[in-house]
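Engineer:
Residue numbers (the numbering used here), protein chains in the order written: chain A, 40 to 685; chain B, 23 to 494.
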């Protein structure tokens, strides 16, 4: 509706005027609100329920493969997820330690309620930010541009830009067997009307499905039948600021373990006998579910050769007995869930505190979204998080910070921040969504990144903090620390390059211990570290003059040296990637008139309107020859333009 | 495919096929230096001694060298064009060489291994356009050239020869996707105890893929250049009637196109057309008996002909005995391709082999199903042989003979893929993180994908999800 129509609605009133309005206070909304208000814009954050701000309605953990990288990237740009997670961690691990630094992934088990409380506190104390419990049902758009939002209670809030991040709440319904509830996750109220409003504005709406497992009471389960998975010590914090200031996350004594069990033949039998009551197979569920997160019944159906599946039992927090059964998501009826849980080792007498359910929700087709996360259809309207087809807290937060920054830059009349695939996982995430679209909730995976050796968790700050500083999310004090850290890395690499050692006894022993021949003559410490099997830490035996550095610095130095050759290969690939990425395409270009483009390419390009030749090259159905044709056309256009100006 | 070449790029600009002369064009700054290294001027317009010293629009007679072996590949005529007065606006050269496929491909191969890139679709015209050599009004024509070029390449990709290359590469890709999926599974879902942690398997798969790519690379420029032809090996003892049959099959009107000596001196290759099907008949003169022993060398050569051929015609004359036939076939066959071997009882005009039934019976046990009595002299059943050739040709994808790389671009791509796999194997052997191995395997797949048209991310994610059971 437009502003006139909104004003004319009975009981409608103007409740205030803001630069940026944010609809939804999940992980995307919180980052967006934080970024916009920190950049000095008058911001309002709407949530359906204030007690569910930054809720973790599914697994009680943050980070993990590719997701840990996202959290550190968000922090490197000046976001808050990492800092709050550092305060709420009840277990820390670095996944993939033996697989190489490019895939090291920090993960924390999180105290769920503490996370929500801490995040609320951070945002409540943020200047320029107003938090409001309210249900947004309509967007107000004049001449294709967003001008305000309206609540269910008919309050009109004017805004210059709006970020919609409704997660899984839009027209959602939860499903347990035959029982369907018109509800959001965790029994919270759902968003009604907004989806219709978006549809009326011309945004394409899709419907996805996801799900969550049961929670059981710790007092009712027998841990002795489970194997223990402990946390690890000395894990760098998610936040680079905490890391640089030497702040440690939960020490090993403060951490709680997780537990691991396997499903039994009985589990399989129960599921098998009740498959006809699964809404997935009876056709009740219409939404598309994620492949990487199948329900337990789905796993048994799709992987018939596997007789059992692994389940993790995780603490939901320090002040609760609730335990989360990771890997046991289901949409079978409540009654069956009892039998299923009781078939698991140690859970024979478990009491279920919250049942598992599947949830369906409306979202916006991300192909209608620009790389800045602004809608191609409504000016000033941004979308972030699950409403763009992603899955996961970290994916949502990553889009949240991008949308928050770009909504602000839009109000400030500045160019948007677009991170590329060679700069950040965030860039890969956004580009995948807006260029390729998705037909299932999109999960970040390290294998989606082409430049994985370059996009590491230890160098997120090197990649992104200068950008965060330029935008204004990173203050000068932190930037100063950052620059010192980078200087230390460079200096230390230089020192290792110019420090030589002979075959001293310590070195001979070190080499023999790992089954290698000691060098015959002098060798630089850099050369030594480059050898397989030798780490930066090991060399300390013969390197007495070294300074004490943080884990991050040590890792960066070691990786830069060890991976130099491979990184060069990847950098060459990045260089050629950048060339096409920098070739901009005018948004008003009519691809129909370009002779030489194949029909399919014309249709796809016209529909998607890529911002650069690079983006165009990643659209399925656009061939390298089409790209060559496009380049020629753009060049011809450029000359014509010059010609006209003369 | 790089969208814009940075290095000089080259291509043969005369039509595919065998002509008297072929012209290879090279464009790009620095191409002169590359040609200087590879040619020795014999006579030139101003008596200069190197290509770079030649004035624009002049020509020279020169020998073209393989600088590694120092052998002359061909005597060629060089034409030089100076920047910006050339078609593309860059420094350019044209090499007119002798028109045989082997010579052309060898010169291209040497140019590629000395710093040139293979030209992309319409790249000469495209470069000319970007350098302002073609005016704005022709921009559309330029785009059409690119589109037409890629269309032609697409059509070529659908031909049987390339279809076979793609099929072969598909199996190589599969190995690599499997290897990647194993690595990625461990990496993406590290906390799961049931994910297969198997570096050995990854290494094995990489080695297999590397071997496959290597043999393809080695086949390029091996001297035996094939177009899309069916290879039929004619085997049998001397005087079993191979020559007569060969003459009979080729006939007067289906003239012999060329006679190219094969990879071994003792095999003779004859190109002809049978019922419109382009065929290379390989006469394996090598199978012969000295006293009672089969000559070892002969067997080796015949085996090679067997392996490389799509079909085998094994001739048995009336006076050949059962033992010598079975001994040879046993040696050669080793259970392979029995369905594409045909036993021809030759010279049937002069009588029947006394052991014909026994031979048939013994051959059947080896899996051989086709037996024809022929006479080249009286043209008895020659048409039956031709029908069989047609039938085997039409069994789509049935060709299992060695695939030979004939496209210079493909060669270049696969060479790079091989280098990447070497790095991957090195990294795995050295125990460097699997992240590195995965990164370079991915590069290799990227390159192979430039031929097969697959993109890594999409394929990989699908492989992971289809093979493994994971989830929260």
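In this text, a Cβ means the ideal position worked out from N, Cα and C, and glycines have one as well.
For residue 450(A) and chain B, any beta-carbon pair shorter than 8 angstroms?
Structural biologist: Not one chain B Cβ lies under 8 angstroms of residue 450(A).
Engineer: Unbroken beta strand (DSSP E) runs of length 3 or more, entirely within the stretch 411-468 of chain A: which are they?
Structural biologist: Listed in chain order, they are 420-422.
Engineer: CA-CA distance, residue 177(A) and residue 453(A)?
Structural biologist: Cα to Cα, residue 177(A) sits roughly 27 angstroms from residue 453(A).
Engineer: From residue 144(A) to residue 138(B), what distance separates their C-alpha atoms?
Structural biologist: Cα to Cα, the separation comes out at about 42 angstroms.
Engineer: Report the three-state DSSP secondary structure of residue 361(A) (helix, strand or coil).
Structural biologist: Three-state result, residue 361(A): strand.
Engineer: By the three-class DSSP mapping on this structure, what secondary structure does residue 12(B) have?
Structural biologist: The requested residue 12(B) is not part of the displayed model; chain B covers only 23 to 494.
Engineer: Apart from the five residues just before and just after residue 466(B), which ones in its own chain have a Cβ nearer than 6 angstroms to its Cβ?
Structural biologist: Around residue 466(B): 439, 442 and 443.
Engineer: Round the Cβ separation of residue 540(A) and residue 503(A) to the nearest angstrom and send it over; I've been treating them as touching at under 8 angstroms.
Structural biologist: Actually they are not in contact, since the Cβ atoms of residue 540(A) and residue 503(A) sit about 36 angstroms apart, beyond 8 angstroms.
Engineer: For residue 130(B) and residue 34(B), which I take to be in contact (beta-carbon distance under 8 angstroms), what is that distance rounded to the nearest angstrom?
Structural biologist: The pair is a contact, with the Cβ atoms about 6 angstroms apart (cut-off 8 angstroms).
Engineer: Mind checking who residue 333(B) pairs with in its DSSP beta bridge?
Structural biologist: Answer is 254(B).
Engineer: Name the DSSP beta bridge partners of residue 539(A), please?
Structural biologist: According to DSSP, which records beta bridges pairwise, residue 539(A) is partnered with 563(A).
Engineer: Consider the Cβ of residue 258(B): report whether some Cβ of chain A lies at a distance smaller than 8 angstroms.
Structural biologist: So no, residue 258(B) is outside the interface.
Engineer: Excluding five sequence neighbours on each side, which residues of the same chain lie with their C-beta closer than 8 angstroms to the C-beta of residue 673(A)?
Structural biologist: Excluding residues within five positions, the ones whose Cβ falls inside 8 angstroms are 622, 624 and 652.
Engineer: Could you list which residues in chain C have their beta carbon closer than 7 angstroms to that of residue 485(A), in chain order?
Structural biologist: Among the chains of the structure shown, chain C does not appear; the protein chains present are A and B.
Engineer: For the putative contact between residue 366(A) and residue 350(A), defined by C-beta atoms under 8 angstroms, what is the C-beta separation to the nearest angstrom?
Structural biologist: Their Cβ separation, rounded to whole angstroms, is 5 angstroms, which keeps residue 366(A) and residue 350(A) in contact under 8 angstroms.
Engineer: Would you say residue 152(B) faces chain A, with C-beta separation under 8 angstroms as the test?
Structural biologist: Closer than 8 angstroms: yes.
Engineer: Determine the chain B residues that contact residue 134(A) at a beta-carbon separation under 8 angstroms, and present them in chain order.
Structural biologist: Going along chain B in sequence order, the residues near residue 134(A) (Cβ under 8 angstroms) are 212 and 213.
Engineer: According to DSSP, simplified to helix, strand and coil, what is residue 481(A)?
Structural biologist: Residue 481(A): strand per DSSP, three-state reduction.
Engineer: Less than 6 angstroms between C-beta atoms, sequence neighbours within five positions excluded: which residues of the same chain meet that for residue 208(A)?
Structural biologist: Same-chain partners within the cutoff: 223, 229 and 230.
Engineer: Suppose contacts are defined by Cβ-Cβ distances below 8 angstroms. Is residue 194(B) in contact with residue 153(B) by that definition?
Structural biologist: Cβ atoms of residue 194(B) and residue 153(B): not closer than 8 angstroms.
Engineer: Take every Cβ of the stretch 368-383 of chain A, pair it with every Cβ of the stretch 308-316 of chain A, and state whether three or more of those distances are shorter than 8 angstroms.
Structural biologist: Yes: at least three Cβ pairs fall under 8 angstroms.
Engineer: If the cut-off is 9 angstroms on Cβ atoms, which residues from the stretch 513-544 of chain A count as contacting chain B, listed in chain order?
Structural biologist: Within the stretch 513-544 of chain A, no residue qualifies.
Engineer: For residue 55(A), which beta-bridge partners are listed by DSSP?
Structural biologist: The partner list for residue 55(A) (beta bridge, DSSP) reads 196(A).
Engineer: Can you grab the Cα-Cα spacing for the pair residue 600(A) / residue 235(A), in whole Å?
Structural biologist: Taking the straight line from one Cα to the other gives about 55 angstroms.
Engineer: With 16 other CB atoms within 10 Å as the buried threshold, where does residue 574(A) fall?
Structural biologist: Per the 10 Å Cβ criterion, exposed.
Engineer: Which partner residues does residue 399(A) have in the DSSP bridge list?
Structural biologist: Partner(s): 212(A) and 248(A).
Engineer: Considering only the alpha carbon of each residue, which of 82(A), 77(A) and 239(A) lies closest to residue 63(A)?
Structural biologist: The candidate whose alpha carbon is nearest that of residue 63(A) is 82(A).
Engineer: If you draw a straight line from the C-alpha of residue 162(A) to the C-alpha of residue 381(A), how long is it?
Structural biologist: Their Cα atoms are separated by approximately 42 angstroms.
Engineer: Exposed or buried, residue 77(B), counting other C-beta atoms within 10 Å across all chains shown (16 or more means buried)?
Structural biologist: Counting Cβ neighbours within 10 Å, residue 77(B) comes out exposed, since fewer than 16 surround it.
Engineer: Please return the same chain residues whose Cβ sits closer than 6 angstroms to the Cβ of residue 447(A), not counting the five positions on each side in sequence.
Structural biologist: Answer for residue 447(A): 75, 78 and 80, listed in chain order.
Engineer: Within the chosen definition, does the stretch 138-151 of chain B reach the stretch 64-82 of chain B through at least 3 CB pairs nearer than 8 angstroms?
Structural biologist: The answer is no - the stretch 64-82 of chain B does not touch the stretch 138-151 of chain B, with fewer than three Cβ pairs under 8 angstroms.
Engineer: Any beta-carbon of chain A closer than 8 angstroms to the one on residue 465(B)?
Structural biologist: For residue 465(B), the answer is yes, since a Cβ of chain A falls inside 8 angstroms of its Cβ.
Engineer: Considering only the alpha carbon of each residue, which of 42(B), 44(B), 43(B) and 56(B) lies closest to residue 30(B)?
Structural biologist: Nearest option by C-alpha distance: 56(B).
Engineer: Could you please tell me which residues of the stretch 428-458 of chain B, in chain order, have their CB closer than 7 angstroms to any CB of chain A?
Structural biologist: Within the stretch 428-458 of chain B, the qualifying residues are 452, 453, 454, 455, 456, 457 and 458.
Engineer: Would you report the Cα separation of residue 89(B) and residue 53(B), rounded to the nearest angstrom?
Structural biologist: If I take the Cα positions, the gap works out to 16 angstroms.
Engineer: Using alpha carbons as the reference points, say which of 333(B), 236(B), 58(B) and 351(B) lies closest to residue 412(B).
Structural biologist: Residue 333(B) is the option with its Cα nearest to residue 412(B).
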